[in-house]
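Report on the structure given below.
In my numbering, the protein residues as written are 56 to 177.
In structure tokens form, the structure reads like this:
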């Protein structure tokens, strides 16, 4: 299944397929950003299963590099799925997720219905 552009709450979102290439670094982020821009997306929604484990280990700086790349291009990033196995092991990641979800650039959400709800409120 390829990545597709979908409209959630009238917002164009590049919905990444679960079986796509893993997002490991800012170079992969650049590819997704290009794909999103080419389709006119305002947000990219990526399943947590496509993110490398290093994304969830804040000390690696992978998450920071990827999120910064999306912010530079003013494209929102939504991580979709259950990340509790990572947050349960890391108070720092719990804080990062909580703060991100308060903002407008990066959200960690359990499913697409939650994303739709957040976009309605945004």
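For every residue, glycine included, the Cβ atom is placed at its ideal position computed from N, Cα and C.
Opposing strand residues paired with residue i [DSSP bridges]
| i | result |
| --- | --- |
| residue 61 | 68 |
| residue 78 | 106 |
Residue i versus residue j - alpha carbon distance
| i | j | result |
| --- | --- | --- |
| residue 152 | residue 65 | 25 Å |
| residue 71 | residue 115 | 24 Å |
| residue 135 | residue 164 | 5 Å |
| residue 102 | residue 110 | 13 Å |
| residue 112 | residue 77 | 16 Å |
| residue 156 | residue 56 | 28 Å |
| residue 150 | residue 93 | 33 Å |
| residue 95 | residue 67 | 7 Å |
| residue 174 | residue 63 | 7 Å |
Residues near residue i in its chain [Cβ-Cβ closer than 6 Å; skip 5 each side]
| i | result |
| --- | --- |
| residue 172 | none |
| residue 87 | 99 |
| residue 137 | none |
Sequence-distant residues of the same chain with beta carbon closer than 7 Å to residue i, five excluded per side
| i | result |
| --- | --- |
| residue 81 | 120, 121 and 124 |
Cβ-based neighbour list, residue i, same chain, cut-off 8 Å, excluding 5 preceding and 5 following
| i | result |
| --- | --- |
| residue 131 | 97, 98, 99, 125, 159, 160, 161 and 162 |
Item to check | Runs of beta strand (DSSP E) lying entirely within the region 84 to 172, each at least 3 residues, in chain order | outcome: 98 to 102, 131 to 135 and 161 to 164
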